[in-house]
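Read the structure below first, then the notes.
There are 2 protein chains.
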Amino acid sequence: MTASIEFYFDFASPYGYLASERIERIAEQHGRSVIWRPFLVGAAMKVSERKPLAWVPLVGDYAAHDVKRFARYWDIPFVIPSHWPVATVNACRAFYLLEETDHVAARHFAQALYRAYFRDDRDISDRETVVAVASELGHDPTHIAEGIQTDRIKQTLRSVNDEALDRGVFGSPFIIVDSESFWGADRLQQVDQWLSRGGW
Amino acid sequence: MTASIEFYFDFASPYGYLASERIERIAEQHGRSVIWRPFLVGAAMKVSERKPLAWVPLVGDYAAHDVKRFARYWDIPFVIPSHWPVATVNACRAFYLLEETDHVAARHFAQALYRAYFRDDRDISDRETVVAVASELGHDPTHIAEGIQTDRIKQTLRSVNDEALDRGVFGSPFIIVDSESFWGADRLQQVDQWLSRGGW
């Protein structure tokens, strides 16, 4: 039996979105499954004294251009969101609520949230939007709206964030394959090769 | 006639070294030439308030692992230099001195300097080492040692650095193809595609 690929990402991360559109296909080709791990990258950014690329002088303009070009390169619909920065705590909590009972449904929800934000320019920081996206997938809106307020789900997300930091997950996307860490959508090709060759 | 590819890099940059081992082959495949532009990335790092990856908490350890893995991925000999950080001002000046008369010789010298640093672990901040590397390629050591001290060559390097900053070149490697900028060794595949398809 081969281990799953762990896919850490922040819902506000455009490169995380690009990776999210590719990672399942790569995993499938190698008979692997993917564990989706939305988290809040903010704590790691703080520890590593970094800020979002968009706020870095010189780099910000380049990054905006690069991510749009990268999306076209992979033929993935993409817009620079008008709502930015966004808090993704509600999005993450709703994911872990759904994951308690159905991890495939949770994954479809994560993909839908990412597309809501980076294709349809919806404000996923807004709790109503998060609930609406879940509802559009057939989930009970009341269950989501109430579930994400529970201490249990809040604690789940805190644990995921703590574990990410403990494991040295400092960016988004961040992919762990057989204890090997890869940071960035631009490392997916190496992830693919690593899976093919079992390392190099 | 097709324009040359501009290849900006800092001699202290390991990802610049990796790119330097691939870029000529990519350019040749598309009938392009490469203009090598060693520069001092420090000024741009200052403007963009960044520091070398190795000094960034959490990221530093990952980056050291990533660059070694990346080198193996491309089958390029690589060691983490024991002399680091290094000032690369003498290396750059010697490059531009040679380039005044022979840009192919200057390119071979740049490749030799990069290999001296990232394969053979020599201290390329040292003026004697820079002169020795040139001498090993058949250049007159006295010409190099004296030439890099001239105001003319110092001014050449200052102009290159100023121009890089003016053009938004903020990292290493940084590749400009037909006014399109690509940052990072991990963008070489996109550079290759851009040259194939004339953009996308």
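For the record, the sequence lines run as chains A and B.
The opening residue of the first sequence carries number 162 in my numbering; numbering runs sequentially from there.
The opening residue of the second sequence carries number 162 in my numbering; numbering runs sequentially from there.
Each residue gets a CB set at the ideal place from its N, CA and C atoms; glycine is no exception.
The model shown is predicted, which means the values in this text are computed figures rather than measured ones.
| Check | Outcome |
| --- | --- |
| DSSP-derived helix/strand/coil call for Phe335 of chain B | strand |
| Sub-9 angstroms separation of Tyr257 of chain B and Val321 of chain B beta-carbons | yes |
| In chain order, each beta strand (DSSP E) run of at least 3 residues that lies wholly inside the stretch 182-235 of chain A | 195-199 |
| Partners in chain A for Glu210 of chain B, counting only beta-carbon separations shorter than 8 angstroms | Val217 and Pro218 |
| Near the ligand MN: Ile285 of chain A beta-carbon under 8 angstroms from a heavy atom | Here there are no bound small molecules, and the ligand MN is not part of this structure. |
| Within 9 angstroms, strictly: CB atoms of Ser174 of chain A and Pro334 of chain A | yes |
| Contact belief for Leu179 of chain A with Ala232 of chain A at Cβ below 8 angstroms, rounded distance in angstroms | 6 angstroms |
| Residue burial classification, Arg358 of chain A (beta-carbon count within 10 angstroms, cutoff 16) | exposed |
| Three-state secondary structure (DSSP) of Glu260 of chain B | helix |
| Contact list for Trp235 of chain B against chain A, beta-carbon separation under 9 angstroms | Per Cβ cutoff of 9 angstroms: no residues; Trp235 of chain B is ~10 angstroms from chain A at best. |
| Trp344 of chain B (DSSP reduced to helix, strand or coil) | strand |
| Under the three-state DSSP convention, the category Phe170 of chain A falls into | strand |
| Local Cβ density within 10 Å of Met162 of chain A, reported as buried at 16 or more and exposed below that | In this prediction, Met162 of chain A has a pLDDT of 49, which is less than 50 and means its spatial position is unreliable; what the coordinates show is noted afterwards. Its Cβ having fewer than 16 others within 10 Å, Met162 of chain A is exposed. |
| Within-9 angstroms CB hit, Met162 of chain A to chain B | In this predicted model, Met162 of chain A has a pLDDT of only 49, less than 50, meaning its place in the structure is not dependable; the value taken from the coordinates is given anyway. Not closer than 9 angstroms to any Cβ of chain B, the Cβ of Met162 of chain A fails to qualify, so no. |
| Presumed contact (8 angstroms Cβ cut-off) between Pro213 of chain B and Pro242 of chain B, rounded CB distance | At roughly 12 angstroms, the Cβ-Cβ gap does not stay under 8 angstroms, so Pro213 of chain B and Pro242 of chain B are not in contact. |
| is_contact[Asp339 of chain A, chain B] using C-beta, thresh 9 angstroms | no |
| Within 7 angstroms of chain A by C-beta, residues of the stretch 267-288 of chain B in sequence order | none |
| Through-space distance from Val292 of chain A to Val228 of chain B, alpha-carbon basis | 42 angstroms |
| Unbroken alpha helix (DSSP H) run spanning Ala306 of chain B, endpoints | Pro302 to Gly308 |
| Limits of the unbroken alpha helix (DSSP H) element including Ser320 of chain A | Asp312 to Asp327 |
| Collapsed DSSP secondary structure at His244 of chain A in the structure displayed | coil |
| Length of the line joining the Cα atoms of Arg288 of chain A and Val220 of chain A | 31 angstroms |
| Straight-line gap, Asp353 of chain A to Arg183 of chain A (C-alpha atoms, nearest Å) | 11 angstroms |
| Beta-carbon spacing of Ala339 of chain A, Trp355 of chain A below 9 angstroms | Reading the sequence as shown, one finds Asp at residue 339 of chain A and not Ala. In contact: Asp339 of chain A and Trp355 of chain A (Cβ atoms closer than 9 angstroms). |
| Burial state of Thr290 of chain A, where buried means 16 or more other Cβ atoms lie within 10 Å | buried |
| Through-space distance from Gln350 of chain B to Phe170 of chain A, alpha-carbon basis | 24 angstroms |
| Helix, strand or coil at Thr249 of chain A [DSSP, three-state] | coil |
| Exposure of Thr303 of chain B, with buried meaning 16 or more beta-carbon neighbours within 10 Å | exposed |
| Identity of the residue in B:Tyr234, B:Ala266, B:Phe279 and B:Tyr223 nearest Val240 of chain B by Cα | B:Phe279 |
| Backbone CA spacing between Glu189 of chain A and Ile337 of chain A [nearest angstrom] | 16 angstroms |
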